[in-house]
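> I am attaching a structure below and will ask some questions about it afterwards.
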Amino acid sequence: MFSFIVSRILQALPVMFVVSLISFAMFAYVGDPVAIMLGQDFTEAQREALVRDLGLDQPFFVQFATFLGNAVQGEFGLSYRLSRPVAELIAERAPATLELALTAAFIALMIGVPMGVYTGLYRNSWLSRFFLTFSLVGVSLPTFLIGILLILTFSVWLGWLPSFGRGDVTRLGWWSSGFFTWSGIKALILPAITLGLFQLTLIMRLVRSEMMEVLRTDYIKFARARGLSNRAINFGHALKNTLVPVITIAGLQLGGIIAFAIVTETVFQWPGMGLLFIQSVGAADIPVMAAYLMLIALVFVTINLIVDLLYYAVDPRLRVGRGKGH
Amino acid sequence: MKALWRAAMLVAALMVGVAEARTVRWAASGDPNTMDPHSQNVGTVTMVLQQIYDALISRNPQLGLEPGLATAWRQEEPTRWRFTLRPNVRFHEGEAFTSDDVVFSITRALQPTSNFGIFVDTIDRAVAVDPLTVDIITKAPDPILPNKLASVFMMSRSWSERNNAARPQNTRQREEMFTVRNTNGTGAFRLQSREPDVRTVLARNPDWWGWQVPANNGNVTEIIFRPIASDATRVAALLSNEIDFVIDPPLQDLARLRNAQGLRVLEGPEVRTIFLAMDVARDELLYSDVRGRNPLRDIRVRRALYHAIDIQAIHRTIMRNQSVVTGTLFPEQVQGYSREEDVRLPYDQARARALLTEAGYPNGFEITLDCSNNRYINDEQICQAIVAMWARVGIRARLNAMPLGPFFAKIQRDDTSLYMLGWGVPTLDALYSFQSLLATRNGAQGDGIWNYGRYSNPQMDALIQRMKTETGEARNATIREALRLYREDVPHIPLHHQMIPWAVRGNITIPHMANNQPYFRWAVVN
Amino acid sequence: MSLLQVKNLRVEFPTRRGTLVALDDVSFDIAPGEVLGVVGESGAGKSMTGAAIIGLLEPPGRIAKGEILLEGRRIDNLPYEQMRRIRGREIGAIFQDPLTTLNPLYTIGRQLVETMTTHLPITPAEAREKAIGWLELVGIPAARERIDSYPHEFSGGMRQRVVIALALCAEPKLIVADEPTTALDVSIQAQVIAMLKTLAREKGTAMMLVTHDMGVIAETADRVAVMYAGRIAEIGPVREVVRQARHPYSQGLMGSIPPLDRRVERLQQIDGAMPRLTAIPKGCAYNPRCPKVFSRCAVERPELMDAGTTRAACWLYAEGQS
Amino acid sequence: MKAFFDSDLWWSFTRSPVTVISAIVAFICIAGAVLAPVLAPHNPFDLASLQLMDAFKPPAWSSEGDATYPLGTDDQGRDMLSAIMYGARVSLLVGFAAVIFSTLVGVTVGLLAGYLGGKVDALLMRIADIQLTFPSILVALLIDGVVRAVLPRETHSEVALFVVIFAIGISNWPQFARTVRGSTLVERNKEYVQAARVIGLSPLRIMRSHVLPNVMSPVLVIATLNLGFAILAEATLSFLGVGVPPTQPSLGTLIRIGNDFLFSGEWWITIFPGVALIVMVLSVNLLGDWLRDALNPRLR
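Protein chains in written order, with our numbering: chain A, 502 to 827; chain B, 116 to 641; chain C, 364 to 685; chain D, 8 to 307.
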């Protein structure tokens, strides 16, 4: 168990390195932070001094090494745009994104899995057909369009739900939560649906096809031959076996949710990391962008580790003679 | 029953409480990126700090000068101005405001890390004469010093030094500067809380000196500012009653907002002029198919480009009448404006073609037009329309539209042949525009720093130098002369002055300001 | 009275090109405690007969004609839920591949316990004790320790023993064993089949043993049915069929059976191949391959008819012919 | 051809009215896009033909409409119908090119990994795993950003289309690689392939003539389903402003522009590109879905 975790972490290190290199390289020459920081009036001398101070006159790899050294200590410097520590900015935004992503994932799983199970079991019922059509429309609608339509309907037309922001948040130490106020919950509904809908349809389709696959297996036939009840077969035997691949994909989807949050947060002006990222791209705020990408990579690596551990918990086959996984 | 009654009373009391809190929920596309008053000379910063900090000199709704923290000022000698300070003024944290704070603030604005150099560039030093008198010594006579000082906010020396903020914030420091997030002004509102990019809350400062002045009739107790970058979302928030006041509603939504129940659109001009500037310095353009010569150095070509633009069509469709078509460098609010010089070359495609043929380009030429796409009102659309209009006279322009970051970076490297720029005039004086945009770039602070077409005309330079020192009618004549030269020499193709409609909920009145700065001291919630 | 009666069973698969007849006119009985071997090449319909009996035909397959009776009661037309109560309790089943028959995510104990608690009026704790007993019976060493192991922790042979325990644990009267040893290593096939046979005998369980291993049939079965192209070609006591098959196909099938003390690995190959269900020849389905074919065979389809000690579907035994 | 109409595929196709309709719709979309230069009433790229005074004309059927502009005009006086047709052209081009790209990469890698096995297999599949970990949209953003950083802006707008194709294509190859590898592993051990090996046929030839045909149907299904995703990915990138250059507006770009007119009353600028995108992607997805069920390869 322990060595398994260690080996997984060792495998993740090169990934992290590559991501940090890319994320740094990607933005090192995009735009010119100096121009933005100087504003409307400045002299040539001021400009050069700023370039020097930011270390932008250093060779690329020197800049990268400095960046990496600091990053390991969680030190990403000051945001060019906001003149505040990047770590702090991200820490402020992270709860918003995580609450949104988790709610969206929760919606996607809580609705997507049962719908997938249902459509997998009752392939030809009209409800299944409806779900399938619904899911196809779901994967065919771009996220940003869904968001816009929801705002139009529920905010502008009906006036039920807010169109932007997080509402009132409660502070729990450094974490700010929108779960504890009515306005926070109301503000969460539309973005979470927008973000979750696409994942919901993916998960539903995935569960459905896995379910159908599992229902064809010998052990399900054998379970029927043993006269077990449908309930035991469908929800005990079939569902549990369906869960194994679903866990992997759902884990990957959570990563996808965090990435797609960029779009949702832009549409709903949700004050999370994705919005911070997009705003930073516009301002060529290199430290923030680099830190965001590294954080996302870290999140993905962590999710992968958790997925592996879950796998480990669900599938006894992995517990002995690990190595050849799935 | 009794309990029920008590509950009802409580609810009633709460409702009264709610009614008494006169809150304005205010949104704009951008968020101030600092709370330091001398760090960023940017409208989005100033529009919030304006409420918190005062300058020595204040402005009235017509942008005229009014006493602010200084009750009187006088040019004692050509290079010495004396300011008499307002007594009994206190900062939000209790410090008394004195001449020492003025000396400190001006010194601070003069620091290299300050972004407010242009407002204090002529100042040599400030001297405290007594606690309520300050002398400001300029390096050369500066007739418009009071205009400039209306943009320099006053800070407390003891507070700043105590918090290690004696200089404007500097990104070279690893640590965050105290003033990035904290304020201590003398103004009508104080900063109550701030989450960058999310929400900034200002609360009324009941002790503000200005509430004694009858003109300051505002009754707002709380301002909640929230940045909403997306145009559609901002309008949606306004329509769904989540926001009361939007300072930059998109033009295309004005009709809808005008018709919306309970909303009003306040219309008015901004002191900002949109124009096209051209590379008239290089012998060969960087981005053109013309080799061996620079067509833009030929005034006939510049005039042809000018003639080809149907500014009325842009005004009517893209700007939806929210622009003031112009033929000059700045709008009428600016000191030195001359209506006789505000004349455009007429829209005339035939004339444009003829001029091009005359200049030796009967088949036109290729050129790249650099544009921002998120800086000015409908900037990218304006450029697109101009590119299409030029196409009709044979100029094959390629549009290169960029976000403001890369855009400014590019033109500031002189890496452009043709670009669109918008220029605001915070001092409301002609010199600010001429000096930055049209003076030969010579390294002196302010001269030609935004002149990326590197227009250089000794005649113009001489006029600009005279503007710096002359006063009165002589100066106005100089400016008029410069404007005439501007019109004849076509260093720019002027387009229009922006109009800046504000959208506000019907129960709120607030004067529309041409500098695009709301002053909540004058805002009334009914 | 027979335990199981299959009467004129016909199974069809509707497809776009018409209806495929997978089983036609299949009839046989199994007496209590009797072992009926069913042999034939792949695709002959052996497994499908088993599936029809336990009521688990893969859709769109369906019983088009005929009846299946268990202790005189019709079971082919029972509603799903009633049939479910019969499966496992009255009729057990053993599948071919023990590697895929057990749910990999549950311990074998759990799978045994759930089978018993589903069918028998006992508590989980009692079921667990019984499960250990069953595991011991089928020859799992250290059953008490290994009951909480997962299927993958067992070898193939051991897993098939677990499958057998699962099939028997609710004490059904009939076991449908579909190629129970085919997937196993040759060296342990004999052990497993011997164990199965012993257990069936001890418990008095009847068995329908589907296989293509004639050796297994010869050792285990009381009677044997030879299937060809969805029909029974010949049925009779195992000795008779093995020693002196009547149907030419059976003869071909048995032709190479070595003496009982030597094992064979494969059935003897008959020239040609069994026709596909889409192209069953007119008349006797075997006629293109039959060494003794004569004119009638290509025209008219033979029913099962008495052929000495067995019954065979072959015109050779039509009256007046022999 | 006759064999095709006789096949199960054609049969199941004719049995599903939804599929037939979506095939017709998809065909119309593709034909309209491909033949846009011929069919479109205007050329939105011919700047000299734009009349700014014609901006914001409503669709032809409304009272202020103009028959020359069937679906109205945008803020620059461009004909919406033509803009959508040309936009669909860009969207489809990016979609098809990206899918072809990821198919080529994925199939090659899958064949290599499956056929060669061993360390090559382990390495290639590890790379695929790592890449699958990252959401495609982020991979595309990353690649787009890297290219933006490396190339100067002017050059960038010339290659931007290829960058988007590459970015979307490269983010989807692992799916193909995994499927093909799985099938290859199965095929490789079949007797005829073993036999071909023994005869001494070159591995390339074996893969091409024996393995490849057997993996084509799952690949076709994944490719069809991916086409919808690719078109959406392009739209999303363009919506975020990092997709195709504005000189070649795709449907995503049109939607981004239209978004500004959501509340302004010029609804046609917003609605039509969005509807076009949804209809196009939905019909492609319906086809893909049907194809998957019809070919029924056990997809993972």
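Note that the Cβ used here is the ideal one computed from N, Cα and C, for glycine as well.
Return the chain-ordered list of same chain residues with a C-beta closer than 6 angstroms to the C-beta of residue 341 of chain B, the five sequence neighbours on each side being excluded.
142 and 314
> Is the separation between the beta-carbon of residue 508 of chain B and that of residue 484 of chain B shorter than 9 angstroms?
Not closer than 9 angstroms, so no.
> Check whether the Cβ of residue 640 of chain B lies closer than 9 angstroms to any Cβ atom in chain D.
no
> Would you list, in sequence order, the uninterrupted alpha helix (DSSP H) runs of no fewer than 4 residues that lie entirely inside the segment 367-426 of chain B?
Those alpha helix (DSSP H) runs which fall completely within the segment 367-426 of chain B and span 4+ residues are 369-374 and 414-422.
> Rounding to the nearest angstrom, what Cα-Cα distance links residue 474 of chain C and residue 296 of chain D in this structure?
36 angstroms
> In whole angstroms, what is the alpha-carbon distance linking residue 824 of chain A and residue 123 of chain D?
Here residue 824 of chain A scores only 36 on pLDDT, less than 50, and its place in the model should not be relied on; the value that follows carries that caveat. Each residue's alpha carbon lies about 20 angstroms from the other.
> For a test of the three-state rule: what should DSSP assign to residue 566 of chain A, helix, strand or coil?
helix
> Short of 6 angstroms in beta carbon distance, which residues of its chain neighbour residue 822 of chain A, apart from the five on each side in sequence? Order them along the chain.
Per-residue confidence for residue 822 of chain A stands at a pLDDT of 43, beneath the threshold of 50, marking its modelled position as unreliable; no derived number is given.
> So is residue 533 of chain C in contact with chain A if we call contact Cβ pairs under 9 angstroms?
yes
> On the three-pair Cβ rule with 8 angstroms, is the segment 589-605 of chain B touching the segment 486-498 of chain C?
no
> If contact means a Cβ-Cβ distance below 8 angstroms, which residues of the segment 636-658 of chain A contact chain D?
Within the segment 636-658 of chain A, the qualifying residues are 637, 638, 640, 641, 642, 643, 644, 645, 646, 649, 653 and 657.
> Can you check DSSP and say which residues form a bridge with residue 612 of chain B?
B:388 and B:439
> Straight-line CA distance for residue 298 of chain D to residue 228 of chain D?
6 angstroms
> Helix, strand or coil for residue 440 of chain C, going by three-state DSSP, please let me know.
coil
> So, residue 241 of chain D versus residue 146 of chain D, is the Cβ gap smaller than 9 angstroms?
no
> Chain B partners of residue 82 of chain D, CB-CB under 9 angstroms?
367, 432, 433, 493, 496, 499 and 500
> So residue 242 of chain D contacts chain A; which residues on that side make the cut at Cβ distance below 7 angstroms?
643
> Along the beta strand (DSSP E) that carries residue 182 of chain B, what are the first and last residues, could you check?
Looking at the DSSP string, the run of the beta strand (DSSP E) that includes residue 182 of chain B is 180-182.
> Checking contacts by CB at 9 angstroms: is residue 577 of chain A closer than that to chain D?
Nearest CB-CB separation between residue 577 of chain A and chain D: not below the 9 angstroms threshold.
> Nearest chain B C-beta to residue 532 of chain A closer than 9 angstroms, yes or no?
Residue confidence for residue 532 of chain A is low, a pLDDT of 47 falling below 50, so the modelled location carries little weight and cannot support an answer.
> Using a beta-carbon distance cut-off of less than 9 angstroms, what residues from the segment 441-455 of chain C approach chain A?
So the list reads 443, 444, 446, 447, 448, 449, 450, 451, 452, 453, 454 and 455, given in the order they occur along the chain.
> Buried or exposed, going by whether 16 or more other CB atoms sit within 10 Å of the CB of residue 48 of chain D?
exposed
> CA-CA distance, residue 599 of chain C and residue 669 of chain C?
10 angstroms
> Measuring only the C-alpha atoms, how far is residue 492 of chain B from residue 768 of chain A?
20 angstroms
> For residue 237 of chain B, which residues in chain A fall below 8 angstroms Cβ to Cβ?
Neighbours of residue 237 of chain B in chain A, taken as residues at a C-beta separation under 8 angstroms, are lacking, since the least C-beta distance is about 14 angstroms.
> Hey, could you find the ends of the alpha helix (DSSP H) residue 418 of chain C is sitting in?
No alpha helix (DSSP H) contains residue 418 of chain C, which DSSP labels as neither H nor E.
> Give a yes or no on whether 9 angstroms exceeds the smallest Cβ distance from residue 287 of chain B to chain D.
In this prediction, residue 287 of chain B scores a pLDDT of 49, lower than 50, which makes its location untrustworthy; the coordinate-derived value is nonetheless stated afterwards. No, residue 287 of chain B does not count as interfacial toward chain D.
> For residue 541 of chain A, decide whether its Cβ has a neighbour in chain D, counting only Cβ atoms nearer than 9 angstroms.
Unreliable positioning characterises residue 541 of chain A in this predicted model, as indicated by a pLDDT of 47, which lies under 50. A coordinate reading is not provided.
> Quick check on residue 787 of chain A: does DSSP put it in helix, strand or coil?
helix
> Buried or exposed: residue 587 of chain B, going by 16 or more other Cβ atoms within 10 Å of its Cβ?
exposed
> Leaving aside the five residues before and after residue 630 of chain C along the sequence, list all residues of the same chain whose C-beta is less than 7 angstroms from its C-beta, in chain order.
Any reading at residue 630 of chain C must be qualified, since the residue scores a pLDDT of 47, below 50, and its modelled position is unreliable; the value itself is stated next. Around residue 630 of chain C: 575, 577 and 616.
> With H, G and I counted as helix, E and B as strand and the rest as coil, what does DSSP make of residue 290 of chain D?
helix
> Under a three-way DSSP split, which group does residue 306 of chain D fall into?
Its pLDDT being 38, under 50, residue 306 of chain D is placed unreliably by the model, and the measurement read from it follows with that caveat. Residue 306 of chain D: coil per DSSP, three-state reduction.
> Using a Cβ-Cβ cut-off of less than 9 angstroms, give me the residues of the segment 317-351 of chain B that come near chain D, in sequence order.
345, 346, 347, 350 and 351
> Does the beta-carbon of residue 510 of chain B have 16 or more other beta-carbons within 10 angstroms, so that it is buried, or is it exposed?
buried
> Can you say whether residue 61 of chain D is buried or exposed, counting buried as having 16 or more other CB atoms within 10 angstroms of its CB?
buried
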